[in-house]
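One structure is given below, encoded as structure tokens.
There are 2 protein chains.
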Amino acid sequence: MTPFAIAVHGGAGTIDRADLTPEREQAYQHALADALRRGHALLQDGASALDAVEAAVRVLEDTPLFNAGRGSVFNADGQHEMDAAIMDGSGLQAGGVAGVQNVKNPIRLARRVMEKSGHVLISGMGAFEFAHREKIELEDDQYFFDPFRYEQWQRVQGTDATRLDHSGGERKFGTVGAVALDRHGHLAAATSTGGMTNKRYQRIGDSPVIGAGTYANDATCAISCTGNGEAFLRAVAAHDVHALMAYKGLSLDEAVRVVVHERLPPLDGEGGMIAVDRAGRVVLDFNSTGMYRGSMGADGVARTAIFR
Amino acid sequence: MTPFAIAVHGGAGTIDRADLTPEREQAYQHALADALRRGHALLQDGASALDAVEAAVRVLEDTPLFNAGRGSVFNADGQHEMDAAIMDGSGLQAGGVAGVQNVKNPIRLARRVMEKSGHVLISGMGAFEFAHREKIELEDDQYFFDPFRYEQWQRVQGTDATRLDHSGGERKFGTVGAVALDRHGHLAAATSTGGMTNKRYQRIGDSPVIGAGTYANDATCAISCTGNGEAFLRAVAAHDVHALMAYKGLSLDEAVRVVVHERLPPLDGEGGMIAVDRAGRVVLDFNSTGMYRGSMGADGVARTAIFR
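Protein chains in written order, with this note's numbering: chain B, 16 to 323; chain W, 16 to 323.
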């Protein structure tokens, strides 16, 4: 049987077990499994890895549980500025959006950027203008509103503090992402995020940057990261995994281990990544206490987890 | 003698000899030599590579000859949106700005982002707000106005065409950049650009993206790129040179050759890059007909060139 596989994440960080009620934990596991099933069904039918990662990320964007799409955090101006990127490992095509507002599914817009804009990365009101022109589904501010995120923001509004999706004892980086290998041997990666609570200066993190938070190359692997974006940008984290495999001959799990546990920590790089290689091997690794994550291979069994 | 070296570029592309009068060619060579001397003087005195690349890029931003700072091209709205990034190879610190307006020296702002913002990449009005707060020198629109750039824009305004700094037969990517090795063995890279004439959607190119258009790592090399930004983003071009050296053991000139002549062309990646390694070896390579470029080693002799 031709191997195929999909993996997803919903962020990483210091997740306090005490803060996570059994009901809330179950809700996270269900959402991750839903995303996996959605992508898996497409792969099973012979769809592309690109379609599978987009579909899986859309499921995660549509739930307010994660900091992406619906449920994105508030920036310093009380708005939702979202970032996303997608990459097709077969032709190294890529698209990303940074700081876009009111787009229901930023990952869909990122894909349209890849296919229609002639660019790789667009931003802000320009990205909104492109979304409007391409008739990408928009939503009003009310759609993105989540009382939990609003309360997070109220605690730091008017200060210089940014919060990487803090809540109580929880230091969490609430990005979502997916990686997949399809039956045709192609790899793809997708990442989407609402960034940091109370962020300023139209900060761009690693998620929409090809090579930092998102990368796919049929020669090696597909990667989606979550964590302290500044460190992942400086480490060019996703491309570094590819390079360790391509040029040093490391296996996927060795390459991910080097980047997550050796390269990122000296740069204050807390977080993790999900990865799949061309043989369908999946690696979900992180240097924080937890990462919302899951994977599903050809057997169709959803394996989800939060803690180690 | 401890080696030290600096190299600069002022863009690459299809430069038509017939379009370049002897006077104009001389003006370009003089500007490149000025930038080299400025950076070299600092290095000679024991200053950091970081100070040298910032100073050299500021010289190139201040002349209207190049598409960066003063002399930046017009976007679709008739404005100047500038991108820049700087990276310190000693601690992998980095800063960048995307789509900033009215900042006299975007490279200076990029450095301030690195040192003061807590972020790696900021954009648009947010970057302007940070510049204002940090008392970075601003200029009105008139300062950036260049009749040659205005005429370029007038020819494509109102159309969907973007121009990578076209003029007549000249298909030129008018970014500027500098790389340096200092007497303490540290490397740094800096890049600054006005992007594409008539660009839309707040497009972000490779210049402000760490790993794509700009990268420095004391372990290997410092790189600044110029060319079709979309291809350099997809290739993660600058970091790929580093990776080929670090993981595959290639020399600087071999690594640059692989990326410029093998990786980029299949992605429609026209352009080039300047690079320096920890031994002070300089490589200036491109796959287009020309690149405005120059280098200066410890001997203090400016070597500048435009064509092959």
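A virtual CB, placed ideally from N, CA and C, is assigned to each residue, including glycine. Please read all numbers here as calculations on a predicted model, not as lab measurements.
* Name the DSSP bridge partner or partners of Val316(B)? -> DSSP lists no partner for Val316(B).
* Which residues share a DSSP beta bridge with Ala205(W)? -> Looking at the DSSP assignment, Ala205(W) forms a beta bridge with Ile101(W) and Ala193(W).
* Cα-Cα, which of His199(B), Arg164(B), Val316(B) and Arg308(B) is closest to Asp103(B)? -> Looking at the Cα atoms, His199(B) is the closest of the given residues.
* With DSSP run on the structure shown, which of helix, strand or coil describes Val275(W)? -> If DSSP states are grouped into helix, strand and coil, Val275(W) belongs with the helices.
* Asked: Where in the stretch 219-288 of chain B do unbroken runs of the alpha helix (DSSP H), each at least 4 residues long, occur, reported from the N-terminal end onward?
  -> If you keep only unbroken alpha helix (DSSP H) runs of at least 4 residues inside the stretch 219-288 of chain B, you get 244-250, 252-263 and 267-273.
* Taking the CB atoms as reference points, tell me whether Met129(B) and Ile101(B) lie closer together than 9 Å. => The beta carbons of Met129(B) and Ile101(B) sit closer together than 9 Å.
* To do: Look up Phe145(W) in the DSSP assignment and give the residues it is bridged to.
  => Answer is none; Phe145(W) lacks a bridge partner.
* Asked: How is the beta strand (DSSP E) around Asp300(W) delimited, first residue to last?
  -> Val297 to Phe301 is the span of the beta strand (DSSP E), which, as asked, contains Asp300(W).
* Would you say Ile238(W) reaches chain B, if we count a Cβ-Cβ gap shorter than 9 Å as a contact? -> Under the Cβ distance rule, Ile238(W) does not count among the residues neighbouring chain B, no pair being separated by less than 9 Å.
* Asked: Who are the neighbours of Ala109(B) on chain W, taking C-beta pairs under 8 Å?
  -> Chain W residues near Ala109(B): Leu248 and Arg249.
* Shorter than 9 Å from the beta carbon of His201(W) to some beta carbon of chain B? -> Chain B, which has no Cβ nearer than 9 Å to the Cβ of His201(W), makes this no.
* Measure the C-alpha to C-alpha separation of Arg215(W) and Asn90(W) and round it to an integer number of angstroms. => Approximately 7 Å, taken between the alpha carbons.
* Asked: Three or more C-beta pairs closer than 8 Å, one from the stretch 281-301 of chain B and one from the stretch 246-264 of chain B: is that the case here?
  -> Yes, the stretch 281-301 of chain B touches the stretch 246-264 of chain B.
* Drop a sphere of 10 angstroms on the beta-carbon of Ala234(B), count the other beta-carbons inside from all chains shown, and report buried for 16 or more, exposed for fewer. => Counting Cβ neighbours within 10 Å, Ala234(B) comes out exposed, since fewer than 16 surround it.
* In this structure, what does DSSP give as the bridge partners for Gln108(W)? -> The partner list for Gln108(W) (beta bridge, DSSP) reads Asp103(W).
* Asked: Measuring CB to CB, does Gly228(W) end up less than 9 Å from Thr206(W)?
  -> Taking 9 Å as the cut-off, the Cβ atoms of Gly228(W) and Thr206(W) count as close.
* To do: Would you please verify whether the beta carbon of Leu153(B) is less than 9 Å from any beta carbon of chain W?
  => Taking Cβ atoms only, chain W never reaches closer than 9 Å to Leu153(B), which makes this a no.
* Asked: Roughly how far, in whole angstroms, is the beta-carbon of Ser138(W) from the beta-carbon of Gln217(B), given that I think they are within contact range, below 8 Å?
  -> 4 Å between Cβ atoms; contact.
* Asked: Looking at chain B, which residues of the stretch 134-154 of chain W have a Cβ within less than 8 Å of any of its Cβ atoms?
  -> Listed in sequence order: His134, Val135, Leu136, Ile137, Ser138, Gly139, Met140, Gly141, Ala142, Glu144 and Phe145.
* Asked: From this set, Ala109(B), Met311(B), Glu76(B) and Gln94(B), which residue's C-alpha is nearest Val297(B)'s C-alpha?
  -> Ranking Ala109(B), Met311(B), Glu76(B) and Gln94(B) by Cα distance to Val297(B) puts Met311(B) first.
* To do: Answer with yes or no whether the minimum CB distance from Gln217(W) to chain B is below 9 Å.
  => With respect to chain B, the C-beta atom of Gln217(W) has a partner C-beta closer than 9 Å.
* **Burial state of Thr190(B) (16 or more Cβ within 10 Å)** => Burial call: buried.
* Asked: Would you say Ala252(B) and Ala246(B) are within 9 Å of each other, going by their C-beta atoms?
  -> Cβ distance < 9 Å, so Ala252(B) and Ala246(B) count as in contact.
* Ile122(W) (DSSP reduced to helix, strand or coil) -> DSSP places Ile122(W) in helix when its eight states are reduced to three.
* **Alpha-carbon spacing of Gly54(W) relative to Gly61(W), whole angstroms** => Cα atoms of Gly54(W) and Gly61(W): separation of roughly 11 Å, rounded to the nearest angstrom.
* Delimiting residues of the beta strand (DSSP E) encompassing Ala27(B) -> Ala27(B): member of the beta strand (DSSP E) spanning Ala20 to Thr29, first to last residue.
* Report buried or exposed for Ala96(W), applying the criterion of at least 16 other Cβ atoms within 10 angstroms of its Cβ. => Sequence inspection shows Glu at residue 96(W); the Ala mentioned does not correspond to that position. By the neighbour-count rule (16 or more Cβ atoms within 10 Å), Glu96(W) is buried.
* Buried or exposed: which applies to Tyr43(W), given that a residue is buried once 16 or more other Cβ atoms fall within 10 Å of its Cβ? -> The residue in question, Tyr43(W), is buried, as its Cβ has 16 or more Cβ neighbours within 10 Å.
* Asked: Taking Cβ positions, are Gly84(B) and Ile122(B) nearer each other than 9 Å?
  -> Yes. Within cutoff.
* To do: Verify the CB distance criterion: does Val194(W) have a CB-CB separation below 9 Å to chain B?
  => It does not: the Cβ of Val194(W) has no partner Cβ on chain B nearer than 9 Å.
* To do: Whole angstroms is fine: what's the gap from Glu38(B)'s alpha carbon to His45(B)'s?
  => For the pair Glu38(B) and His45(B), the Cα-to-Cα distance works out to about 10 Å.
* **Spatial neighbours of Cys236(W) in its chain, beta-carbon cut-off 7 Å, leaving aside the 5 residues before and after** => Its chain contains Leu202, Val256, His257, Met260, Leu267, Ala290, Val291 and Asp292 as the residues whose beta carbon lies nearer than 7 Å to that of Cys236(W), once the 5 sequence neighbours on both sides are disregarded; these appear in chain order.
* Asked: Using a Cβ-Cβ cut-off of 8 Å (strictly less than) and excluding sequence neighbours within five positions of Thr174(W), which residues of its own chain qualify?
  -> For Thr174(W), where only same-chain residues beyond five positions count, the Cβ hits under 8 Å are Asn213.
* Asked: Name the chain W residues whose beta carbon is nearer than 9 Å to that of His55(B)?
  -> For His55(B), there are no neighbours in chain W by C-beta distance under 9 Å, as the nearest C-beta there is about 28 Å away.
* To do: Could you pull the start and end residues of the alpha helix (DSSP H) that Arg85(W) belongs to?
  => Counting along the chain, Arg85(W) falls outside any alpha helix (DSSP H), and DSSP gives it neither H nor E.
* Status (buried if at least 16 other CB within 10 Å, exposed otherwise) for Thr17(W) -> It is exposed - the Cβ of Thr17(W) has fewer than 16 other Cβ atoms within 10 Å.
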